[in-house]
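A.B. asks:
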């Protein structure tokens, strides 16, 4: 929840946990905040200084534990320095590339007394491009024939999004959003052409590969966004690369950019007003074509069984009309949201780029706490949901009307797809026995339904929306669907058949050499 709060507000989410088990439980959130560049501060209890390094009850060295996945880890040993450390924690968490800070609090520090002055909060500092860098960007655009604007990262504001949209309009740029950064740009904008990364449609990947200029703003160009560093070559891309990022250590870390700009998304976006093309962009029609290719992907694909997740997600998009917040955890079910939901900008999506299971439910709770009037819909697989289902108690306690769409195929779907791809017909440890989810949600004061047919979903979703609005309590719709439908347009049976064909072909080739 604290990490999701950081995403929603650009301010550090604050979390207090006990030492030992509390810290290890919170480590997933810290890792998520680190890879997602989310400001967060974790306060952890610690044994007293007189017991340190004796392996006292629940003692852990937090500098060693969190060092690789936090921007700063410290222990406050002097009560009088608590304001100093907290002020620095806020500064570190929000400056440059945002991220998590961990502060350990020994018992004797907490029991201590001190008379100290308050520390005023430091104003947010932004990194801006130089005039020379803006001139170079303009020259790259003037020389380009097939440019592409890729947006990602954290720290976006409404004003920054308005400025980047105006920039894209002036230059007729096709705009994509990086892996699970779906809220960076309004999908209804005429320049939006798709979600870049794992599961993107083939026409978009081909367009990226054929581009002669990539302007990457806010994104690290990480593994999921680049589909395993494949559509853009490392270390020297075939495309001209303009990489804008708030951490200078990331610039050139994997890719050698032609123009590296150490700036954040706000500072860079708000500096673009002076740039304009000297002639109508020659690629206007290409952008229109790319936009139409994206719109074509919104048409539901054929799926097995009576319940199509393609149609279900398309229906959710139509009924919400860009006004709600969609949250997801990790699993193949999330690919349906990536493909069919037209996200409406800031606060419309909460998704962990780190791929943490169990994220969707606490994120939906955080969204509803921060924006009570906004519809919050959690997409969750049956396995993903059960990672953190106890958070339903929070929804009940604070009367939060969230809607949960539970995708039930009775297995670890993503793992099954990998096993079928690499070891066809030899799947293991994939299925599990689920509870009665509709009864479970009622135990938490909510409303539950089971849907097994497309024809009845729209009415069920409308009932869930009405129930949550009128009662300020959660509603759950369990979607029971054919497990063969593993992703939009993909079936497990086809993955297995293709893998068996590859295996048989390889074996036949080996025999021919004997």
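In this note's numbering, the protein residues as written are 244 to 757.
Just so it is clear, CB atoms sit at the ideal spot from N, CA and C, and this is done for glycine as well.
For residue 366 and residue 445, what's the separation of their Cα atoms in angstroms?
C.D. replies: Each residue's Cα considered, the two are about 44 Å apart.
A.B. asks: Any idea if residue 345 is buried or exposed, counting beta-carbon neighbours within 10 angstroms, 16 or more meaning buried?
C.D. replies: It is buried - the Cβ of residue 345 has at least 16 other Cβ atoms within 10 Å.
A.B. asks: Please report the distance separating the alpha-carbon of residue 528 from that of residue 417.
C.D. replies: If I take the Cα positions, the gap works out to 10 Å.
A.B. asks: Restricting to Cα atoms, I'd like to know which of 270, 640, 550 is closest to residue 700.
C.D. replies: That would be 550, whose Cα lies nearest to the Cα of residue 700.
A.B. asks: Going by beta carbon distance, what residues of the same chain come within less than 8 Å of residue 743, once the five residues before and after it are set aside?
C.D. replies: Excluding residues within five positions, the ones whose Cβ falls inside 8 Å are 667, 668.
A.B. asks: According to DSSP, is residue 448 helix, strand or coil?
C.D. replies: DSSP places residue 448 in helix when its eight states are reduced to three.
A.B. asks: Let me confirm a value: residue 382 is counted as buried when at least 16 other C-beta atoms fall within 10 Å, else exposed. Which label applies?
C.D. replies: Residue 382 should be labelled exposed.
A.B. asks: Can you find the residues in the same chain that come closer than 8 Å, C-beta to C-beta, to residue 431, ignoring five residues on each side of it along the sequence?
C.D. replies: Same-chain partners within the cutoff: 565, 585, 587.
A.B. asks: Pairing CB atoms from the region 393-403 with CB atoms from the region 355-362, are three or more of them under 8 Å?
C.D. replies: Contact fails: fewer than three Cβ-Cβ distances are below 8 Å.
A.B. asks: Whole angstroms is fine: what's the gap from residue 570's alpha carbon to residue 599's?
C.D. replies: The alpha-carbon atoms of residue 570 and residue 599 are separated by roughly 12 Å.
A.B. asks: Closest by CA to residue 453, which one among 474, 509, 716?
C.D. replies: With distances taken between Cα atoms, residue 453 lies closest to 474.
A.B. asks: For the beta strand (DSSP E) that contains residue 721, what are its first and last residues?
C.D. replies: Counting along the chain, the beta strand (DSSP E) containing residue 721 begins and ends at 718-723.
A.B. asks: Run through DSSP, which three-state label would residue 537 get?
C.D. replies: Three-state result, residue 537: helix.
A.B. asks: Quick one: using the 10 Å Cβ neighbour count with 16 as the cut-off for buried, is residue 542 buried or exposed?
C.D. replies: Residue 542 should be labelled exposed.
A.B. asks: Tell me which residue opens and which closes the alpha helix (DSSP H) that residue 315 is part of.
C.D. replies: Taken as a continuous stretch (DSSP letters only), residue 315 belongs to no alpha helix (DSSP H), being part of the beta strand (DSSP E) at 315-318.
A.B. asks: Would you kindly check if the distance between the Cβ of residue 690 and the Cβ of residue 704 is under 8 Å?
C.D. replies: No, the Cβ-Cβ distance between residue 704 and residue 690 is not below 8 Å.
A.B. asks: Distance, Cα to Cα, residue 640 vs residue 336?
C.D. replies: When rounded, the distance between both Cα atoms is 30 Å.
A.B. asks: So, with DSSP's three-state summary, where would you put residue 283?
C.D. replies: Three-state result, residue 283: strand.
A.B. asks: Output the residue ranges of the beta strand (DSSP E) runs that lie fully inside the region 487-571 and measure 3 residues or longer, sorted by chain position.
C.D. replies: Here the runs fully enclosed are 502-505, 568-571.
A.B. asks: On the premise that residue 420 lies in contact with residue 428, defined as a C-beta separation below 8 Å, what is that separation, rounded to the nearest angstrom?
C.D. replies: Sure, about 6 Å apart at Cβ, within 8 Å.
A.B. asks: Please report the straight-line C-alpha distance between residue 716 and residue 687, rounded to a whole angstrom.
C.D. replies: Their Cα atoms are separated by approximately 9 Å.
A.B. asks: Do residue 605 and residue 634 count as a contact pair if the criterion is CB distance below 8 Å?
C.D. replies: Yes, Cβ-Cβ distance for residue 634 and residue 605 is below 8 Å.
A.B. asks: Where do the ends of the beta strand (DSSP E) carrying residue 214 lie?
C.D. replies: The structure shown does not extend to residue 214, since the chain is modelled only from 244 to 757, so the question has no answer here.
A.B. asks: Please report how far the alpha carbon of residue 718 lies from the alpha carbon of residue 515, in whole angstroms.
C.D. replies: Cα to Cα, residue 718 sits roughly 44 Å from residue 515.
A.B. asks: So within the region 362-390, which uninterrupted alpha helix (DSSP H) runs reach at least 4 residues, ignoring any that extend past its ends?
C.D. replies: Those alpha helix (DSSP H) runs which fall completely within the region 362-390 and span 4+ residues are 374-386.
A.B. asks: Whole angstroms is fine: what's the gap from residue 321's alpha carbon to residue 280's?
C.D. replies: Answer to the nearest angstrom: the Cα atoms are 29 Å apart.
A.B. asks: Please classify residue 611: does DSSP put it in a helix, a strand, or coil?
C.D. replies: Reduced to three states, the DSSP call for residue 611 is helix.
A.B. asks: Where residue 629 and residue 270 are concerned, what is the direct C-alpha to C-alpha distance, given to the nearest angstrom?
C.D. replies: Near 18 Å, if we compare the C-alpha coordinates of residue 270 and residue 629.
A.B. asks: Would the region 726-740 count as touching the region 544-561 if we require 3 or more Cβ pairs under 8 Å?
C.D. replies: Short answer: they touch.
A.B. asks: How should residue 373 be labelled, buried or exposed, when 16 other C-beta atoms within 10 angstroms of its C-beta is the threshold for buried?
C.D. replies: The residue in question, residue 373, is exposed, as its Cβ has fewer than 16 Cβ neighbours within 10 Å.
A.B. asks: Thinking just about the alpha-carbon of each residue, which of 632, 626, 647 is nearest to the one in residue 618?
C.D. replies: Looking at the Cα atoms, 647 is the closest of the given residues.
A.B. asks: Do you know how far the Cα of residue 753 is from the Cα of residue 507?
C.D. replies: When rounded, the distance between both Cα atoms is 54 Å.
A.B. asks: Give the straight-line distance between the Cα atoms of residue 460 and residue 451, rounded to the nearest whole angstrom.
C.D. replies: Cα to Cα, the separation comes out at about 15 Å.
A.B. asks: Report the rounded CA-to-CA distance for residue 331 versus residue 714, giving the unit in angstroms.
C.D. replies: Going from the Cα of residue 331 to the Cα of residue 714 covers about 42 Å.
A.B. asks: Only counting runs of 3 or more residues, tell me where the beta strand (DSSP E) segments fall wholly within the region 251-308, in order along the chain.
C.D. replies: Whole beta strand (DSSP E) segments, 3+ residues: 256-260, 283-289.
A.B. asks: Who are the Cβ neighbours of residue 698 in its own chain at under 8 Å, not counting the five residues just before and after it?
C.D. replies: Nothing listed; no residue qualifies.
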